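> Residue numbers (this note's numbering): 175 to 425.
(1) On the three-state DSSP scale, how would you describe residue 289?
(2) Excluding the 5 residues flanking residue 210 on each side, which residues of the same chain have their C-beta closer than 7 Å to its C-beta?
(3) In terms of residue numbering, what span does the alpha helix (DSSP H) encompassing residue 367 cover?
(4) I believe residue 248 touches residue 374 by the beta-carbon criterion, under 8 Å. Please report the beta-carbon distance rounded to the nearest angstrom.
(5) Please check the pair residue 400 and residue 311, which I expect to be a contact at CB under 8 Å, by giving their CB distance rounded to whole angstroms.
(6) Name, in chain order, the residues that DSSP records as bridge partners for residue 223.
(7) If we count Cβ pairs, one from each stretch, closer than 8 Å, do we get three or more for the segment 220-233 versus the segment 321-336?
(8) For residue 311, does the three-state DSSP call read helix, strand or coil?
(9) CB residue 376 to CB residue 277, shorter than 9 Å?
(10) Keeping to the same chain, check which residues put their C-beta closer than 7 Å to that of residue 323; ignore five residues upstream and five downstream.
(11) Taking residue 223 and residue 190 to be in contact with their CB atoms under 8 Å, please state how far apart those CB atoms are, rounded to whole angstroms.
(12) Which residues bound the beta strand (DSSP E) around residue 301?
(13) Out of 212, 188 and 208, point me to the one whose CA is closest to residue 221's CA.
(14) Quick one: using the 10 Å Cβ neighbour count with 16 as the cut-off for buried, is residue 287 buried or exposed?
(15) At which residue ranges does the segment 329-364 contain complete alpha helix (DSSP H) runs of 4 or more residues, listed in the order of the chain?
(16) So who's on the other strand from residue 294, going by DSSP bridges?
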């Protein structure tokens, strides 16, 4: 769904600025004005599909250089900050949502797509069906999270999806982010907060507790270990082991 929305949004912007049947030169000139790597990539994907499915034409944009990609390390909440947020959350449904994001490192869409049948209570396992890259994976949830979900289920009695919206439909990503920001604000957290940050915290805190990087890769559903290795750059446990050469200098 999110991919469709992205392509639709990009197509609207492009057609408004350039037109519905642009020339190759117009496309190249427009793409060269885009300085953000991610947006450039989205626009190229959009144009390929627009030409293929709408205009019924072949197009190649391979020779157009991408803008330089910027790399930003994720800002991590400490375990103490996570605890402060959870302390503010008295609603069992909200607590269950935040606990799954942090306790299992779920992507937003994976959380929203969870169905009751995906929870294996006997094994205390969560089955992620058709995650990113259309891959299935299993994530242990532990006894504490399992008990929390049982309490939530007894109170709310969800029907199909594990988390339903106000009118029985699927819960939305905006609702999840709003409740997380609300509880973070109540807890006095000043860092920028969003649902995906809890996934970063899950991975970083696992690494700091001694979990092997290859296992974290499998739990997160990363195809490439290099993607997982970013957490080695933000782990306090690893950073604290680094001794600056200034320590060998007497003052």
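From the three backbone atoms N, C-alpha and C, an ideal C-beta is built for every residue, glycine too. The structure displayed is predicted, hence computed values, not measured ones.
According to the structure data:
(1) In this structure, DSSP gives residue 289 an extended state, which the three-state scheme calls strand.
(2) Shown here for residue 210: same chain residues with a beta carbon closer than 7 Å to its own, the five before and five after excluded, namely 241 in chain order.
(3) For residue 367, there is no enclosing alpha helix (DSSP H), as DSSP marks it with neither H nor E.
(4) Cβ atoms of residue 248 and residue 374 come within 8 Å of each other, at about 4 Å.
(5) Not confirmed; about 18 Å, so no contact.
(6) The secondary-structure analysis by DSSP pairs residue 223 with nothing; it has no beta-bridge partner.
(7) With the cut-off at 8 Å, the segment 220-233 and the segment 321-336 do not touch.
(8) Per DSSP, reduced to three states, the secondary structure at residue 311 is strand.
(9) Their beta carbons are under 9 Å apart, which means residue 376 touches residue 277 by this criterion.
(10) Only 270 and 293 meet the Cβ criterion.
(11) Between residue 223 and residue 190 a beta carbon distance of about 18 Å is seen, past the 8 Å cut, so the two are scored as non-contacting.
(12) Taken as a continuous stretch (DSSP letters only), the beta strand (DSSP E) holding residue 301 covers 299-302.
(13) Minimum Cα-Cα distance from residue 221 among the listed residues 212, 188 and 208 corresponds to 188.
(14) With 16 or more other Cβ atoms within 10 Å, it is buried.
(15) Fully enclosed alpha helix (DSSP H) runs of 4 or longer: 347-360.
(16) According to DSSP, residue 294 bridges with 299.
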